[in-house]
Amino acid sequence: MKRMRLVAAVLGLGGAALLIGAPAPTRAVADDAPPSIVEDFSYPGAAQILARQNVRLISGDGHILLADCATPPQGDIGLLKVYTTDEQIGADGIGRVCFQVTAPTGLLNLEVPGVYEIRGDGQSAGTGHEVTAELRSDEGEAITVDVDPDGSTQVGLGADPDASPTMLLRLTVTG
Numbered sequence: 012m013k014r015m016r017l018v019a020a021v022l023g024l025g026g027a028a029l030l031i032g033a034p035a036p037t038r039a040v041a042d043d044a045p046p047s048i049v050e051d052f053s054y055p056g057a058a059q060i061l062a063r064q065n066v067r068l069i070s071g072d073g074h075i076l077l078a079d080c081a082t083p084p085q086g087d088i089g090l091l092k093v094y095t096t097d098e099q100i101g102a103d104g105i106g107r108v109c110f111q112v113t114a115p116t117g118l119l120n121l122e123v124p125g126v127y128e129i130r131g132d133g134q135s136a137g138t139g140h141e142v143t144a145e146l147r148s149d150e151g152e153a154i155t156v157d158v159d160p161d162g163s164t165q166v167g168l169g170a171d172p173d174a175s176p177t178m179l180l181r182l183t184v185t186g
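Pasting the structure below:
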């Protein structure tokens, strides 16, 4: 028995428990482990934006941001403006939602229904960002358009009054 006590003292309780056949004690793992540091690119505040502006912002790289449409231009660069047939879209009650481009490249996945026009952010010729918009018609047709960097681009009903409404799904800035 003396030898067992010596072994228990040397090996600790876990080792002693193994020697005599008892289950070894286990350590509890905290249930409140810190969150993963892997970025999922989900849009911050998306639920509140959906509730207030009826715009679903899904994910992006942080370089295309929802903006107040009343924000004045900074030099020759203003805001990307998306116009819809639904007056409940956006904060100003006229079916408009705006985005600020903060870098030479950017990506935003979103859902904005009834889009008929997208206005580039350039305030004078040659100043706006190059933007591609991906849309889907109500019939499921995929549509990709290059947005005029310094003017308006008609899509869906804006391009053809007989066309079905289109949902804006992605904005990509490439320059």
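Heads up, the sequence shown is in the working numbering, so the first residue is 12 and it goes up one at a time.
Cβ atoms here follow ideal geometry from the backbone N, Cα and C, with glycine treated the same way.
Could you tell me the distance, in whole angstroms, from the CA atom of S53 to the CA atom of A114?
Indexing the sequence shown from 1 puts residue 53 at position 42. Indexing the sequence shown from 1 puts residue 114 at position 103. So the two alpha carbons sit approximately 18 Å from each other.
Would you report the Cα separation of D72 and L118, rounded to the nearest angstrom?
Counting from 1 along the sequence shown, the entry for residue 72 is found at position 61. Counting from 1 along the sequence shown, the entry for residue 118 is found at position 107. So the alpha carbons of these two residues sit roughly 6 Å apart.
In the DSSP assignment, find the beta strand (DSSP E) that holds Q165 and state where it starts and stops.
Here residue 165 corresponds to residue number 154 of the sequence shown, with the count starting at 1. Here the beta strand (DSSP E) through Q165 covers S163 to Q165.
How many angstroms separate the CA atom of R67 from the CA atom of L61?
The sequence position of residue 67 within the sequence shown is 56, counting from 1. The sequence position of residue 61 within the sequence shown is 50, counting from 1. Rounded to whole angstroms, R67 to L61 spans 5 Å at the Cα level.
Give the secondary structure of L6 by DSSP, where H, G and I count as helix, E and B as strand, and everything else as coil.
Here the chain has residues from 12 to 186 only, and residue 6 is not among them.
Output needed for H74: all residues of its chain with C-beta closer than 6 Å, excluding positions within five of it in sequence on either side, in chain order.
Residue mapping note: residue 74 aligns to position 63 of the sequence shown, counting from 1. If the five residues before and after H74 are omitted, its C-beta is found closer than 6 Å to the C-beta atoms of T113, A114 and G117, all from its own chain and listed in chain order.
Return the chain-ordered list of same chain residues with a C-beta closer than 6 Å to the C-beta of T37, the five sequence neighbours on each side being excluded.
Sequence index remark: in the sequence shown, residue 37 carries index 26 (1-based). In this prediction, T37 has a pLDDT of 44, which is less than 50 and means its spatial position is unreliable; what the coordinates show is noted afterwards. Closer than 6 Å at the Cβ level, and outside the excluded window around T37, lies no residue.
Nearest-angstrom Cα distance between A57 and N120?
The residue labelled residue 57 in the question sits at position 46 within the sequence shown. The residue labelled residue 120 in the question sits at position 109 within the sequence shown. One C-alpha to the other measures close to 12 Å.
How would you call T183, buried or exposed, if buried means at least 16 neighbouring beta carbons within 10 angstroms?
Start at 1 with the first residue of the sequence shown, and residue 183 comes out as number 172. Buried: at least 16 other Cβ atoms inside 10 Å.
Inspect the CB distances between the stretch 169-181 and the stretch 120-137 and report whether three or more fall short of 8 Å.
yes
Per-residue burial, R63 [other beta carbons within 10 Å of its own, 16 or more giving buried]:
Along the sequence shown, one-based indexing puts residue 63 at 52. The residue in question, R63, is exposed, as its Cβ has fewer than 16 Cβ neighbours within 10 Å.
If we call anything under 7 Å between Cβ atoms a contact, is G186 one with D159?
Along the sequence shown, read from residue 1 onward, the residue named residue 186 stands at position 175. Along the sequence shown, read from residue 1 onward, the residue named residue 159 stands at position 148. In this structure, D159 does not lie closer than 7 Å to G186 by Cβ.
Which two residues bound the contiguous alpha helix (DSSP H) that contains L61?
Taking the first residue of the sequence shown as 1, we reach residue 61 at position 50. Where L61 is concerned, the enclosing alpha helix (DSSP H) stretches over A57 to Q64.
I69, enclosing beta strand (DSSP E) - first and last residue:
On the sequence shown, position 58 is the one that residue 69 refers to. DSSP places I69 inside the beta strand (DSSP E), whose first and last residues are R67 to G71.
Would you mind working out which of V156, I88 and D103 sits nearest G169, comparing C-alpha positions?
Locating residue 169 in the sequence shown gives position 158, counting from the first residue. The closest CA to that of G169, considering only V156, I88 and D103, is found on V156.
Confirm, please, whether the CB-CB distance from E98 to G106 is below 7 Å.
Position 95 of the sequence shown, counted from the start, is the residue given in the question as residue 106. Position 87 of the sequence shown, counted from the start, is the residue given in the question as residue 98. Taking 7 Å as the Cβ cut-off, G106 and E98 qualify as a contacting pair.
Quick check on DSSP: helix, strand or coil for G131?
In the sequence shown, counting from the first residue as 1, residue 131 sits at position 120. Residue state, collapsed to three classes: coil.
By how many angstroms is the C-alpha of V142 removed from the C-alpha of R181?
Residue 181 sits at position 170 when you count from the first residue of the sequence shown. Residue 142 sits at position 131 when you count from the first residue of the sequence shown. Each residue's alpha carbon lies about 10 Å from the other.
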